[in-house]
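Participant: Read in order, the letters of the sequence shown are residues 1 to 59 in UniProt numbering.
Questions regarding the structure given below will be posed in turn.
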Amino acid sequence: MTDITPTTTQSVELIANIVGKKLAIDGQEARRMAITGALSGVTQAFYSRQHSPSDTKQP
């Protein structure tokens, strides 16, 4: 039976590509940010800004 589990490097690149596309970040920059740990913070900031309760307007 073959193991099709991606390596850590493949996983980092896959996640960086997906998140980079969503946040409109260049592929190499997203990969660098993923490796250094900065991509997580950028992603959290993006989504907290997108879904902030203070941005919701009540009629």
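Using N, Cα and C, we set each Cβ at its ideal position, and we do this for glycine too.
(1) GLY37 to ILE4, Cα distance in whole Å?
(2) Rounding to the nearest angstrom, what Cα-Cα distance links MET33 and VAL19 in this structure?
(3) Return the residue from the list ALA30, ILE25, LYS22 and LEU23 that minimises the CA-CA distance to THR13.
(4) Which value, in whole angstroms, describes the spacing of the CA atoms of GLN28 and ASN17?
(5) Run through DSSP, which three-state label would ALA16 get?
(6) Can you find the residues in the same chain that come closer than 8 Å, C-beta to C-beta, to ASP26, ignoring five residues on each side of it along the sequence?
Facilitator: Taking the structure as given:
(1) Indexing the sequence shown from 1 puts residue 37 at position 37. Indexing the sequence shown from 1 puts residue 4 at position 4. Going by the C-alpha atoms only, they are around 26 Å apart.
(2) Residue 33 sits at position 33 when you count from the first residue of the sequence shown. Residue 19 sits at position 19 when you count from the first residue of the sequence shown. Spanning the two alpha carbons is a distance of roughly 11 Å.
(3) Here residue 13 corresponds to residue number 13 of the sequence shown, with the count starting at 1. It should be pointed out that residue 13 corresponds to Glu in this sequence rather than to Thr. Selected option, being the one with the closest Cα: ALA30.
(4) By 1-based counting over the sequence shown, the position of residue 28 is 28. By 1-based counting over the sequence shown, the position of residue 17 is 17. Taking the straight line from one Cα to the other gives about 9 Å.
(5) The residue given as residue 16 occupies position 16 in the sequence shown. Helix at ALA16.
(6) The sequence position of residue 26 within the sequence shown is 26, counting from 1. Closer than 8 Å at the Cβ level, and outside the excluded window around ASP26, lie GLY20.
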